[in-house]
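What follows is a set of notes on a single structure, which appears directly below.
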Amino acid sequence: MKRIKLIAVIMSLIMIFLTGCTAEKKKSRDDIYLYYINKDETKLVKTVYTPDKTDDVLKQTKNVIRQMNKTSKEVNVITAKPEDVKINNISYLDSIITIDFTSDYEEMTPVREVLLRSAIVLTVSQIDGVGGVAFTVNGENLTNNSDVPVGIMNAASIVDNIGNNTDNLTKVDADIYFGDSSGSRLKAYRYIGSCDQNTSAEKLIIEKLIAGNNGEDYTRTIPKDTTLLSVVTKDGICYVNFDAKFNSESSDIVPQIQIYSVVNSLCELPYINKVQISINGLTNEKLGGEISLNKLFERNLDLVSK
923 MKRIKLIAVI MSLIMIFLTG CTAEKKKSRD DIYLYYINKD ETKLVKTVYT
973 PDKTDDVLKQ TKNVIRQMNK TSKEVNVITA KPEDVKINNI SYLDSIITID
1023 FTSDYEEMTP VREVLLRSAI VLTVSQIDGV GGVAFTVNGE NLTNNSDVPV
1073 GIMNAASIVD NIGNNTDNLT KVDADIYFGD SSGSRLKAYR YIGSCDQNTS
1123 AEKLIIEKLI AGNNGEDYTR TIPKDTTLLS VVTKDGICYV NFDAKFNSES
1173 SDIVPQIQIY SVVNSLCELP YINKVQISIN GLTNEKLGGE ISLNKLFERN
1223 LDLVSK
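Take a look at the structure:
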């Protein structure tokens, strides 16, 4: 049984969030939606497509998937399937479409794998005669990290989990870095969730850090009474502004761990490369009297516990 590398959740428990973006063309009865991915690889984007008329379900499925793998005319979207991930075969039996991939499928990131699978299911399920979609890798059933088969999927199994109002939701799948049990190094905690249009992914991550992790293997990296005043990202730089409690004199948090728990966590987002931290809007302070905030911080994985 083939295992999806690095992914630890069953598809039925994962939320995939769709944008409301479609092509300007109005969808008619004979049209279907093709699903692509936005360039940040955080959500699906749909566009209208008119497939060739045919009663051959397998032929139409192959044509639709071939079209999905072409570059969309929509701005800021990419094909769901990476170019180096190949399809060995597509078959059709008893209303089920089975798609067999090469082993390159297993090299995708967990988020990209889930987005690809969801894009295919949501697209192909619109074809008359398709009751579900199964996935295999080199002829062996696709499984999750616990060796549980992913099984046959259809559009309902995805939509039931995300509801109908998906336009304002954004998927967040990132490592959030708390302190380890000793507090002297960072330890990653995998977070999978969502935020609505009123809460950015950056804000969600900072709020998780402030709330702390109750697991016995984690320690707090930000004083619990700290208030996030603002967080804004522009041109790859995330500007984070805390109140004075972030630099509390009574804090026993190692300054370097405190800084890079924020920096490493935010740099998990694909559009953030550097982080500027300020206190009450000022960067002329030294955190814990040691680390100057008057600089742009970049990811530092040397501090992460192995």
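When you read off a place in the sequence shown, starting at 1, and then add 922, the result is the number in my numbering.
Backbone N, C-alpha and C fix where the C-beta goes; we use that ideal spot for every residue, glycine too.
The structure presented is a predicted model; accordingly, all values stated were derived computationally and were not measured.
Nearest neighbour of Leu1225, chosen from Ala1110, Gly1115 and Gly1203 [CA to CA]: Ala1110
Length of the line joining the Cα atoms of Thr1149 and Ile987: 48 Å
Residue environment, Ala930, which counts as buried when at least 16 other CB atoms sit within 10 Å: With a pLDDT of only 37 at Ala930, under the threshold of 50, the placement of this residue in the model should not be trusted; the figure read from the coordinates follows. Under this definition Ala930 is an exposed residue.
Own chain residues within Cβ distance below 8 Å of Val1153, not counting five before or after: Ser1122, Glu1124, Lys1125, Ile1128, Cys1160, Tyr1161, Val1162 and Asn1163
Sheet register partners of Met990 (DSSP bridge): Answer is none; Met990 lacks a bridge partner.
Assigned exposure category for Lys965 - 16 Cβ within 10 Å defines buried: buried
Assigned secondary structure, Leu1218 (DSSP; H/G/I helix, E/B strand, else coil): coil
Pair within 7 Å by beta-carbon distance, Thr983 and Asp1022: no
Beta-ladder partner(s) of Asp1006, from DSSP: Asp1006 is not bridged to any residue.
Under the three-state DSSP convention, the category Ile1128 falls into: helix
Ala1041: first and last residue of the uninterrupted alpha helix (DSSP H) it sits in: Pro1032 to Val1046
Pairwise C-alpha distance: Tyr1014 and Thr1065: 20 Å
DSSP-derived helix/strand/coil call for Tyr1111: strand
Coarse secondary structure for Leu1191, derived from DSSP in three states: coil
Nearest residue (CA-CA) to Glu1220, options Ile1201, Ser1200 and Val1185: Val1185
Rounded Cβ spacing between Leu1108 and Tyr1182 (contact assumed at less than 8 Å): 6 Å
Between the CA atoms of Ala1166 and Ser1025 - distance to the nearest angstrom: 51 Å
Three-state class that DSSP yields for Asp1095 in the structure shown: strand
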